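These protein sequences, in sequence, are chains A and B.
The first sequence begins at 41 in our numbering and counts up by one.
The second sequence begins at 1338 in our numbering and counts up by one.
Ideal placement from N, C-alpha and C gives every residue a C-beta, glycine not left out.
Keep in mind that this is a model prediction, so the values were computed, not measured.
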Amino acid sequence: MHPYSVFSWIETSALSSWIRESPSLWAFPFILILHTVGMGFLVGPNVAMDLRILGFAPRIPLSLFEKFFGVMKVAFVINVISGVLLLIAYPTKALTNPLFYVKLFLIACAVTQTRVIRDRILHDRRWDIGPVAANGKMLAATSIVIWGGALTAGRLLAYTYIHLLAGG
Amino acid sequence: MSPFELWLRSTSLAQLMHTRWAWPTAESLHFFGLSLLMGTVGLFDLRLLGFAKQIPLPALHRLIPWGILGYFINVITGISFFTAEPDQYLYNPSFQMKMLFMTLAGINVLLFYLTMFRHVKTRGPGENAPLPARIMGGASLAFWIGVMTCGRLLTFYRPPFHWCPWCGW
């Protein structure tokens, strides 16, 4: 089956049309707002943790950053759900844009990196107060770059799509 | 279009913003600045509210300069958007609401540093912030979420589909 027929099947579904075409602010605009606020509370605390590892605000006990993982997890779930809804609204727009796959790949890398940082640095009592070893700082610096890359790829989706809908 | 808007659009900044990659780049920076702000000021607000209480408030406050950096990235990119398309913002009710929320957030932060900061900066691990500081923390979160909400709604209230108190008179 040609992928476009799948896209067009999704696009003609009631949910997809409602998100895309409803004049209600609770449709597309609200989902977009959730995706943005969720991003702020997912990328933001991650970058703050990375900055702490890089040596800023050295008196925050690093292990306590795990308290903010709950915030990041809720933000991540909000963004998976809102992201899937945006994808249902515009499957052709997303899935025909190579950058969309770059974004997904970068998110997978970023989440993995955050888990590695938690397991290797936050769980290691040696680094709880004061400076972190150089290889830990490398993990934090790459984390900022990967999250920033994921965010940029997401933002650029609005400017780089090839086809908006299967029909047009 | 008013002479002011025409002048803004004729500036070199406006012309730069209309080049192929300037707008998407500024948008990406605007979202990164937003994340810096939420990751530092937002976490500090959560701590004021009683979240992650084991973190000493003054220690967490040391991340605030990064939030200020995020804020200035967003002021600069924001001014760039405005300069390039002033009519898309001036007469946009969502932009007006966004400015209102930013003003409220600004007044809130000013009040916090004038009245509460000296009490907050002595609070160590496990200690609650004073009640007015907690309220200001909650207000800060609400105002910044308001700013982000109105920012995202801008596209849906572009002129001429708009309402505004001073246009079309």
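- For F1409 (chain B), no chain A residue has a Cβ inside 9 Å of its Cβ, as the nearest lies near 16 Å away.
- Using a Cβ-Cβ cut-off of 7 Å, I1392 (chain B) counts as an interface residue toward chain A, since at least one Cβ of chain A sits closer than that to its own.
- Scanning the segment 1344 to 1368 of chain B for uninterrupted alpha helix (DSSP H) segments of 4 residues or longer gives 1349 to 1354, listed from N- to C-terminal end.
- Chain B has a Cβ within less than 7 Å of the Cβ of G84 (chain A).
- Flagged as an interface residue toward chain B: V87 (chain A), by a C-beta distance shorter than 7 Å.
- Among the residues facing chain A, E1364 (chain B) is included, as its CB has a counterpart in that chain under 7 Å away.
- At least one beta carbon of chain B lies nearer than 7 Å to the beta carbon of P69 (chain A).
- Burial of G194 (chain A) is indicated by the presence of at least 16 other C-beta atoms within 10 angstroms of its C-beta.
- Excluding the 5 residues flanking it on each side, H1456 (chain B) has same chain C-beta neighbours closer than 6 Å at P1467, in chain order.
- As the crow flies, the alpha-carbon of E106 (chain A) is around 14 Å from that of L1383 (chain B).
- Inter-segment contact for the segment 103 to 117 of chain A and the segment 1384 to 1404 of chain B is present: three or more beta-carbon pairs are separated by less than 8 Å.
- Among the CB atoms of chain A, none fall inside 7 Å of the CB of L1478 (chain B).
- Under a criterion of Cβ atoms nearer than 9 Å, the residues of chain A adjacent to M1485 (chain B) are, in order, I73, T76, V77, G80.
- Residue burial is scored here from C-beta neighbours: G95 (chain A) has fewer than 16 other C-beta atoms within 10 angstroms and is therefore classed as exposed.
- Between the segment 1427 to 1440 of chain B and the segment 1471 to 1489 of chain B, the count of C-beta pairs closer than 8 Å reaches three or more; the two stretches touch.
- The shortest C-alpha to C-alpha distance from A115 (chain A) to any of B:S1372, B:Q1352, B:L1366 is the one to B:S1372.
- Across the structure, A134 (chain A) and V46 (chain A) are spaced so that their CA atoms are roughly 13 Å apart.
- Around the C-beta of N1465 (chain B), fewer than 16 other C-beta atoms lie within 10 Å, and the residue is accordingly described as exposed.
- In this structure, B:L1366 is the residue among B:E1342, B:T1420, B:E1422, B:L1366 with its C-alpha nearest to the C-alpha of G189 (chain A).
- Close CB contacts of S122 (chain A) within its chain, under the 6 Å cut and outside five residues either way in sequence, are with I71, L74, H75 (chain order).
- Going by beta carbons, V83 (chain A) and W187 (chain A) fall inside the 7 Å limit.
- Relative to G1379 (chain B), the option among B:A1442, B:G1488, B:P1469 whose CA is nearest is B:A1442.
- L1468 (chain B): member of the alpha helix (DSSP H) spanning 1468 to 1490, first to last residue.
- Within the same chain, no residue comes within 6 Å of A148 (chain A) by CB-CB distance, once the 5 residues on both sides are set aside.
- C-alpha of M1453 (chain B) to C-alpha of G1475 (chain B): approximately 14 Å in a straight line.
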